[in-house]
Every structure is written in structure tokens, then in C-alpha cells.
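Trainee: Have a look at this one before I ask anything.
Numbering (our numbering), first residue to last: 0 to 762.
So, in C-alpha cells, the structure goes:
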């Protein structure tokens, strides 16, 4: 049979010019022969394979060391090359009946005729020469079920030769994968490695080689993730595979700043740099979902990155509710880290100018403070400088890290001019502890007191300090470009921005307490310590540089607005509840007395005469039509309040089961859909693994329903919901909550069933 080899390549020698004897050629030939025989194949090969390889090496040496034999071989070699060049179609099959590959059709590729028993030896030599794809083309047809040549012993002992061929093909996959890895084709490399691994797993052979492949797949995983996530968004399936690989790594490491072993070889700092690199390939929505989920481990780094995503999306999409969620996460993070600058920007974007000034007074970022003060010289406060800083920070430090916002423009003037933003800011109430709990799309970890914060650990603390972006870069330039991964999985590229060291949390915390103990009018946001009436204007008007025709009553940022006559809506609600309760008690008293009076009428009264009707308590005299359930009514028609309450009650029941002591997570898809479904599935799974659960009591006080004007399968439901919750950790009660919130749910109908897609806390 013909194989695409020649004697010169077998020995690793250059082809000599026919008839010309190179000085020292004989000694060079001996050395090459000796070296090739000493380079033994892997120990997993059988003696049949090593013997076939050795015979080919000896045959090549015998022919090339004899001048006459060598002259004949060279002449035959040139003749074959001429024949291939003149009629390549005539060489489609070798004499052994083995289908030729494309390499046979190449006139520059020589071949030799060997016995069939030497086929495995030729595969070994081709493998050693780096002809991995050719090895696969030659070897795979031999292993196919339709080829009986292997089973009938044509290539030698079938049991031994088959194992040798499988090993050679697997090693070709291994080396081909490594070659593609070095060439930057990471997904192709993974496919080659997985093919080789699958081949060995199917036959149950050579576990050591399978281990090498798996080790390479683990090290290759970060590169695959970057390559897949960098694909266009139209390649959704491939990008989703990249996100799943990332989730697997995070799970194995125990989070972004975790110390678990994902076998990639990346240290905590290396992995943080890797996270920084992949951020520019993710959209703001993808980052929000990813980092909000990771923040619940808890993780300070993930919490900080979730804030970036929320602020970016909230500003770009004119959804200040997202910025408010980011502000709440910063509240948790601020207990142990200096994030006062970020808090100040969030307060500014929410129109909370006094809170923004307070946060600025607490920050330790002196260089940034200097920039803000210099740009607020002619103002009674620091608002002009803060606005300029916030705009530059968004443009140069936030937007570049999101693939869908990299070219977006950050304009505070346009943001505050948006009617939707203005309406939200005018209705923004005081932020309460109720809103920093599991009612947010980011529910709390087992201990609500430490949401989003890592357990005390020097490694995790330094991880946050390493990853936190330097806001000072916003004042003097744009962030650097994200470098790509180097060829080594351990030596990743550096962060695109400089590292900022946060201040001592104890110092920042104590300063904050002291500052808030002082009256607001005594605080000075600028050098002169004075404020004029302009500081009381709405932030939207001040940013646009416009004075309103009628200045609305000033209110301290974060305090709920009252009605037109100064009434407090919360107080009114409590009064109404009290009056309703008294009326209910009065009606109950009247009902009880009426029943007693009626019972007295029938005691000792006259008995009925004549033939009586045969009536049984367990049977109805007149058939009663069965009423459809609210869920059945909502299967096709419009949704109403009864259906909405049924949907919410179903959600609360399933939620109690999923996060309860039995952890029944399988029912979540019956009431939730993504993005809420994925988040709550991960949270329920975390509860199971970390041995904590909640016990809930829910009450729906009122609901309001609004169908989508364009889609009959979408609706919005607003509900006043009260929830009492008790947290158990390791079987012991550790915390209780009592919430009364107004929640807006987004519902979608699929297959005749309404499901909850998302929800948000209303002011």
C-alpha cells in the first residue's frame, strides 16, 4: 500500500541532489539513523507498532546508505513525481486499495510502497513529523465499521493494531489542538481536543492521555470564552456557549474573587484581569445579569461591577430605576469600601444633590476632589464640577467596558431633559431598608446584613482593591484598550486601567457618621461655606442651566413627597386601615348577634307536617355549573384582577417552596421566565448548597392590571404586597423581616399560561 512518506523524511534528512555526494553525508546518515531509533514512541504503544516503526527507519537507512540503491530510489522518486504532475487523476487509489487523500494528488508529495503490516509504523512516523491532519485522514477510515481489513488481520493482530491506531489518532488530536491553540484558533483547538477525548472515552482506553486532553481543555477555557463572546451578537448560540463556560469557571472558583481551583492555572489576580478583558465583549444587560448573580455569593468585586452595569444601562436607556438599584448595592459596599465617589454620582443622577455633596465630603479621592472644586469655583456648591466629572466618568470609564455602549455619548443635559427621567425623579421617595432586600431582582444572600460583601478575607479584600477602576482617569484621558490574552494561560494581559487603593473602611465609616450628625445647613460643599437659593432648584434645571418659572418647594433628597395639601400618603393609608378595621369589628359584632337571635327563633318551634322532601347533605338538589379558575380564564382572554391575584399567589407559593426547607426548585419554570427565572434558580440552588432557607407569609392587599396596547400576551400588574419572612441558617432562626411594598410585575403569556418576567419596587 502507498503512504505519503519518503526515506529522507523518515530519517529527517534533506533530499540530496541526484548523483552528487555531499561531504560527510555518510556520517550524517548514520547519526540521523541512530537518533531516530533512540527517539522511542510513547510507552502506551504495543510492540507491534514500535517494531513497524523501527523497520521503516531501518529500511530508509539501508536504501540511502547504499549508493546504488539510493541512485535507483532517487530515479524512481523523480519518475513518480513526473507521473503525478502529468496525470494526477490516475493516482486516486494506492495499490493496496486505500483511498487516496488530497496529499496524494499533490505532485510535490512523494510516497513509498509498504506492506500492510507496516501501516501503523507509517502513522507513528507521520505523527512524529507533525502531519496531524494527514494522520486523521489516513487512520479514521481504517477504524470505520465498514472497513473489514482491520478485523481480518490485514494490518496485524486486530486487538493490538486497533488500540495503536486509536492512540495515534488521539495523539494527533491532542497535538493538533495545541497547534491550533498557538495559532489563536481556540474553539477549533477545543473541538480537536474534545474529539480525541471522546474517541478514547468511547473505547475506554489510555486514561493518562485523556487526562492530558482534559488538562489542556481547562487551560484553554479562558481563551475560548473570549473568542466566543467576541463574536457578533447575531451568533447568539456560540456566545451563549461562551457564557456557560464562564459560569462553569465561576462555579468552580467560587466566584470572581474566589480561591477555588478551576484548573485553568489562573491566580486570583490573573482571573480579575481576565474578567476585565471579557467585559468589553459583553453588553450592559449581559453584565448586569452576570454580576448581579455573582454579587450574591457574596462578592465585593461582582457587586462593584454590577453597579457599573446598572448605572450604564440606567443612564443610556434613561431608566433611573436601574441607577437606584446600583445606589442600593453601593450602600452595602460602602460599609467596608470607599465608594463615596460612585455614590455621589448615583445621587446626582437621581437628583439627590445634598446626598451627592455628603458623599463627596467623605471620599478620600483628593485628586478628584481637586478637579471638582476647580470646576466649581464660581458656584456656591460643587454641583458644576461634579456634573463635569460624572459626565467624563461615564464617557471614559464606564461606557467603554460595554460592547453596546462603547460608542455612546454621555450627556447629562440630555439625560435630565428626558421626560421619563424627570417623572421618575419627581416621584422618587425615600430609600428604605425594605427596598434593599430580596424584592429587588438581586435578592439578598443568607445574611441580609452583609449583602454583596465578601466574608473577611485578605484575598477577597485585595481582589476588590485590584479590580476597582481608577476614577481619576476620567479627568485627563480615556481608558486604555483591552489587550488580548497572551499565548500563556497563566500570564494574562494587564488591566486596562490603573489600580486604585481604597481607604480604610473604619475611617470612612466613622467620618460618615460624624458628618451626618451635623445639620445640613452647616455643611459646606465649596470653599466659601455659603449656599444660595439656587442650590434648592431641581437638579434637572440646574444641569440645563435654566431657572424654572415657579420654583417648587425644596425637599431633602430621599424624603417622600406629600400631597398638594401637605398630607402624608403613608399616614392617610394607616388612618384608612384603622377606620376599616373598626368598621369590620362593628359588622362582625352585628352579625354574631343576628345569628344568636335567629337561633333562638328555631329552638322549640313547631315541627314540619306532611311528606317531606328527600334531601341529602352530600348531594345537590339542582346541578351547579363548575366555574373556571382565574388561571383558566387567563389562558386566552384579557387578564383581570382576579387572574392577576391568582398568578401572584401562585408565585408566592412556588417561591416559598423553592426557598423553603425542602428546596423545591423544579416548579419555578411554571411561574417565572428569564431573566427572573435564571436568577431565582441560582438563588434557590445556593440556598440548598449553603444550607439556609426562608419561611414566608404573604398577603396581597390590592392589585391593578394594565394590558399592553400592542401585545395581548403582555401585561403589567401593580400590587400592594406584605411579606413576613424568617431566615434559617443551619436550622437556626437568624433573621426576620416584615415588608409592605408596592411592586410592579411584568407578565408574559406563553402557551396559554401567564408567567412573571421581571418586577421592580415602585415609589
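Ideal Cβ positions, reconstructed from N, Cα and C, are used throughout, including at glycine.
Please list, in chain order, all residues of the same chain as residue 31 whose beta carbon is under 7 Å from its beta carbon, the five residues on each side excluded.
Mentor: Along the chain shown, read from residue 1 onward, the residue named residue 31 stands at position 32. Hits under 7 Å: 10, 11 and 12.
Trainee: Counting only the same chain and skipping the five closest in sequence on each side, list residues whose C-beta sits under 6 Å from that of residue 717.
Mentor: For this step, residue 717 is matched to residue 718 along the chain shown. In its chain, beyond the 5 residues on either side, 703 and 743 have a beta carbon closer than 6 Å to the beta carbon of residue 717.
Trainee: Cβ atoms of residue 754 and residue 670: under 7 Å apart, would you say?
Mentor: By one-based count along the chain shown, residue 670 stands at place 671. By one-based count along the chain shown, residue 754 stands at place 755. Closer than 7 Å, so yes.
Trainee: Within its chain, find whatever has a CB closer than 6 Å to the CB of residue 296; leave out the 5 residues flanking it on each side and keep chain order.
Mentor: What you label residue 296 is simply residue 297 of the chain shown in a count that begins at 1. Around residue 296: 254.
Trainee: In whole angstroms, what is the alpha-carbon distance linking residue 230 and residue 638?
Mentor: Within the chain shown, numbered from 1, the residue matching residue 230 stands at position 231. Within the chain shown, numbered from 1, the residue matching residue 638 stands at position 639. About 40 Å.
Trainee: Sort 22, 243 and 261 by Cα distance to residue 251 and report the nearest one.
Mentor: The residue you call residue 251 lines up with position 252 of the chain shown. Cα-wise, what sits closest to residue 251 is 261.
Trainee: Under 8 Å: do the stretch 269 to 278 and the stretch 357 to 374 share three or more Cβ pairs, one atom per stretch?
Mentor: Touching, no.
Trainee: With 16 other CB atoms within 10 Å as the buried threshold, where does residue 590 fall?
Mentor: One-based indexing of the chain shown puts residue 590 at position 591. Classification of residue 590: exposed, given that the 10 Å Cβ count is below 16.
Trainee: Determine, using beta carbons only, whether residue 308 and residue 328 come nearer to each other than 7 Å.
Mentor: Here residue 308 refers to the residue found at position 309 of the chain shown. Here residue 328 refers to the residue found at position 329 of the chain shown. Contact: no.
Trainee: Taking the alpha-carbon positions, what's the residue 401 to residue 285 distance?
Mentor: Position 402 of the chain shown, counted from the first residue, corresponds to residue 401. Position 286 of the chain shown, counted from the first residue, corresponds to residue 285. Taking the straight line joining both Cα atoms gives about 9 Å.
Trainee: Pick out whichever of 384, 735 and 22 has its Cα sitting closest to the Cα of residue 368.
Mentor: Translated into positions along the chain shown, residue 368 becomes position 369. For the residues 384, 735 and 22, the minimum Cα distance to residue 368 belongs to 384.
Trainee: With 16 as the cutoff for other CB atoms within 10 Å, does residue 203 come out buried or exposed?
Mentor: On the chain shown, position 204 is the one that residue 203 refers to. Flag for residue 203 reads exposed.
Trainee: Taking the Cβ atom as the reference point for each residue, do residue 692 and residue 724 lie within a distance shorter than 7 Å?
Mentor: Residue numbering aside, residue 692 sits at position 693 when the chain shown is read from its first letter. Residue numbering aside, residue 724 sits at position 725 when the chain shown is read from its first letter. No, the pair does not count as a contact, with Cβ atoms beyond the cut-off.
Trainee: Return the Cβ separation of residue 192 and residue 173 in integer angstroms, given the expectation that the two are a contact with Cβ distance under 8 Å.
Mentor: Locating residue 192 in the chain shown gives position 193, counting from the first residue. Locating residue 173 in the chain shown gives position 174, counting from the first residue. 7 Å between Cβ atoms; contact.
Trainee: What is the residue span of the alpha helix (DSSP H) that residue 235 lies within?
Mentor: On the chain shown, position 236 is the one that residue 235 refers to. Counting along the chain, residue 235 sits inside the alpha helix (DSSP H) bounded by residues 235 to 252.
Trainee: Please say whether residue 138 and residue 168 have beta carbons closer to each other than 7 Å?
Mentor: Looking up residue 168 in the chain shown gives position 169. Looking up residue 138 in the chain shown gives position 139. Yes, the Cβ-Cβ distance between residue 168 and residue 138 is below 7 Å.
Trainee: Evaluate the contact criterion for the stretch 395 to 415 versus the stretch 327 to 342: three or more CB pairs, one atom per stretch, below 8 Å.
Mentor: no
Trainee: Give a yes or no on contact between the stretch 115 to 124 and the stretch 149 to 157, applying the rule of three or more CB pairs nearer than 8 Å.
Mentor: yes
Trainee: So, residue 227 versus residue 237, is the Cβ gap smaller than 7 Å?
Mentor: The residue labelled residue 227 in the question sits at position 228 within the chain shown. The residue labelled residue 237 in the question sits at position 238 within the chain shown. Yes, they are a contact pair.
Trainee: For residue 248, which option in 263, 323, 388 and 418 has the closest C-alpha, if you only look at C-alpha atoms?
Mentor: On the chain shown, residue 248 is found 249 positions in, with the first residue counted as 1. Residue 263 is the option with its Cα nearest to residue 248.
Trainee: Taking residue 689 as the reference, which of 672, 662, 705 and 712 has the closest Cα?
Mentor: Residue 689 sits at position 690 when you count from the first residue of the chain shown. Nearest C-alpha to residue 689: 662.
Trainee: If contacts are defined as beta-carbon pairs under 8 Å, then residue 766 and residue 424 qualify, I think. What distance do you get, rounded to the angstrom?
Mentor: One cannot answer for residue 766 here, as it falls past the ends of the chain, which runs 0 to 762.
Trainee: Using only CA atoms, which one of 298, 225, 292 and 281 lies nearest to residue 258?
Mentor: As a working note, residue 258 is residue 259 in the chain shown. Among 298, 225, 292 and 281, the Cα nearest to that of residue 258 belongs to 298.
Trainee: May I have the straight-line CA-CA distance separating residue 46 from residue 206, to the nearest angstrom?
Mentor: Residue numbering aside, residue 46 sits at position 47 when the chain shown is read from its first letter. Residue numbering aside, residue 206 sits at position 207 when the chain shown is read from its first letter. Each residue's alpha carbon lies about 20 Å from the other.
Trainee: Is any heavy atom of the ligand MN found at a distance shorter than 6 Å from the C-beta of residue 727?
Mentor: Looking for the ligand MN in the displayed structure turns up nothing, as the structure carries no ligands at all.
Trainee: Measuring straight from C-alpha to C-alpha, what distance separates residue 149 and residue 218?
Mentor: Along the chain shown, one-based indexing puts residue 149 at 150. Along the chain shown, one-based indexing puts residue 218 at 219. If I take the Cα positions, the gap works out to 36 Å.
Trainee: Going by alpha carbons, who is nearest to residue 49 out of 163, 75, 747 and 738?
Mentor: Position 50 of the chain shown, counting from 1, holds the residue named residue 49. With distances taken between Cα atoms, residue 49 lies closest to 163.
Trainee: CB residue 420 to CB residue 317, shorter than 7 Å?
Mentor: As a position in the chain shown, residue 420 is number 421, starting the count at 1. As a position in the chain shown, residue 317 is number 318, starting the count at 1. Cβ atoms of residue 420 and residue 317: closer than 7 Å.
Trainee: Taking residue 184 as the reference, which of 224, 208, 397 and 160 has the closest Cα?
Mentor: Numbered from its first residue, the chain shown carries residue 184 at position 185. Looking at the Cα atoms, 224 is the closest of the given residues.
Trainee: In three-state DSSP terms, what is residue 582?
Mentor: As a first step, residue 582 must be located in the chain shown, where it is residue number 583. Correct three-state label for residue 582: helix.
Trainee: Go ahead and label residue 621 buried or exposed: buried means 16 or more other beta carbons lie within 10 angstroms of its beta carbon, across all protein chains shown.
Mentor: Position 622 of the chain shown, counted from the start, is the residue given in the question as residue 621. Reliability of the predicted coordinates at residue 621 is poor, the pLDDT of 42 falling under 50, and no value is obtained from them.
Trainee: Between the beta-carbon of residue 294 and the beta-carbon of residue 302, is there less than 7 Å?
Mentor: Taking the chain shown and counting its residues from 1, the one referred to as residue 294 is at position 295. Taking the chain shown and counting its residues from 1, the one referred to as residue 302 is at position 303. Their beta carbons are under 7 Å apart, which means residue 294 touches residue 302 by this criterion.
Trainee: Using a threshold of 7 Å, state whether the C-beta atoms of residue 828 and residue 719 are closer than that.
Mentor: Outside the displayed range of the chain (0 to 762) lies residue 828, so it cannot be described from this structure.
Trainee: With burial defined as no fewer than 16 other Cβ atoms inside 10 Å of the residue's Cβ, what is the status of residue 67: buried or exposed?
Mentor: Taking the chain shown and counting its residues from 1, the one referred to as residue 67 is at position 68. When all chains shown are included, residue 67 counts as exposed.
Trainee: Quick test of your reading: residue 292 and residue 55, contact by CB under 8 Å. State the CB separation rounded to the nearest angstrom.
Mentor: Counting from 1 along the chain shown, the entry for residue 292 is found at position 293. Counting from 1 along the chain shown, the entry for residue 55 is found at position 56. Incorrect: roughly 58 Å between the Cβ atoms, too far for contact.
Trainee: Within the same chain, show all residues whose beta-carbon is closer than 7 Å to that of residue 668, passing over the 5 residues directly before and after it, in chain order.
Mentor: Looking up residue 668 in the chain shown gives position 669. Around residue 668, the same chain offers 676 as residues with beta carbons nearer than 7 Å, after the five sequence neighbours per side are excluded.
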